[in-house]
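Okay, so here's the structure we're looking at.
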Amino acid sequence: MSELNDRWLSVDEIGKHLGISNDTVYRWIDKHSMPAHRMGRFWKFKKAEVDDWVKAGGAAEMPSKGERAE
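Last residue of the sequence shown: 70 (the UniProt record's numbering), numbering continuous.
Here is the structure:
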């Protein structure tokens, strides 16, 4: 894997990669155990870890009571 492809991604970058909003990224970290690493006050992501998590169904959301699915 090249160094460029293995770099840490920001919330904005991982959201763009997945086609989701930053708010959804934060919700998935909190409610769906999205693989994320805290570096100071920032969240960082490894693209391969997130891709594996999505493929395993980690991003599948069931709406809570009173909440609509996106």
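Don't be surprised by glycine CBs; every beta carbon is placed ideally from N, CA and C.
In the three-state DSSP reduction, Arg27 falls in the helix class (H, G or I). Listed as beta-bridge partners of Lys46 by DSSP are Trp8.
The beta-carbon distance between Phe42 and Leu9, rounded to whole angstroms, is 11 Å. This is too long to meet the 8 Å contact definition. One thing to note: Ile14 has its Cβ within 8 Å of the Cβ of Val50.
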